[in-house]
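Trainee: Below is one structure. I have some questions about it.
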Ligand SMILES: Nc1ncnc2c1ncn2[C@@H]1O[C@H](COP(=O)(O)OP(=O)(O)OP(=O)(O)O)[C@@H](O)[C@H]1O
Ligand SMILES: [Mg+2]
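Residue numbers (our numbering): 225 to 364.
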């Protein structure tokens, strides 16, 4: 099922993140896909807040994954933009994260499409018409 949502501004994106967080269940994987600056990290920050994570979510550019354990569910936030080699993902134990009882949010997940588990929820973000507009499509 695919759902298309127009996000008029950053506030709408944050509200979507909060809504998604409220629906999240253990062992779900969310693929966040979209060009540079479309709002993947902004959405991830709102999800973290919605789950009740007390730390500030920062981009895991150099570590691939950051783990947040203070919310309703553990949150594993990935950014695979700079991953050059699939071996780097096996080294961090990517597969294990999919069934550790938490939620995985993976920025740039389109780069590792083959490695994503069945049932991954795909969240695509694209630029809209106005400056702050984004088009989001969610496929479950
Ligand atoms: N509707 C919107 N939703 C999200 N961000 C928006 C929106 N409108 C404007 N912005 C701005 O766009 C930028 C989004 O940056 P963000 O880091 O979330 O993107 P990203 O997709 O994670 O980029 P990257 O691929 O570099 O990681 C921010 O500067 C934010 O203020
Ligand atoms: Mg980002």
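Don't be surprised by glycine CBs; every beta carbon is placed ideally from N, CA and C.
1) Short check: CB of residue 275 to CB of residue 299, under 8 Å?
2) If residue 250 and residue 343 are in contact, beta carbons under 8 Å, what's the gap, nearest whole angstrom?
3) Is the beta carbon of residue 303 within less than 7 Å of some heavy atom of ligand 4?
4) Indicate, with yes or no, if ligand 1 has a heavy atom lying under 7 Å from the CB of residue 264.
5) Is residue 233 near ligand 1 - that is, is its Cβ less than 7 Å away from at least one heavy atom of it?
6) Determine the direct distance from the alpha carbon of residue 310 to that of residue 356, and round the result to whole angstroms.
7) Report yes if the CB atom of residue 235 is closer than 8 Å to the CB atom of residue 358, and no otherwise.
8) Pull up the CB-CB distance for residue 327 and residue 257, whole angstroms please, since I reckon it's below 8 Å.
9) Can you give me the start and stop residues for the alpha helix (DSSP H) that residue 259 sits inside?
10) For residue 330, which three-state DSSP category applies?
11) Does the region 266-281 come close enough to the region 235-244 to have 3 or more Cβ pairs within less than 8 Å?
Mentor: Based on what the coordinates show:
1) yes
2) Not quite, the Cβ-Cβ distance comes to about 12 Å (not below 8 Å), so this is no contact.
3) As for ligand 4, it is missing from this structure, which binds only ligand 1 and ligand 2.
4) yes
5) yes
6) Near 34 Å, if we compare the C-alpha coordinates of residue 310 and residue 356.
7) Contact flag unset, no.
8) The Cβ separation is near 17 Å, so there is no contact.
9) Looking at the DSSP string, residue 259 is not in any alpha helix (DSSP H), and its letter there is neither H nor E.
10) If DSSP states are grouped into helix, strand and coil, residue 330 belongs with the strands.
11) yes
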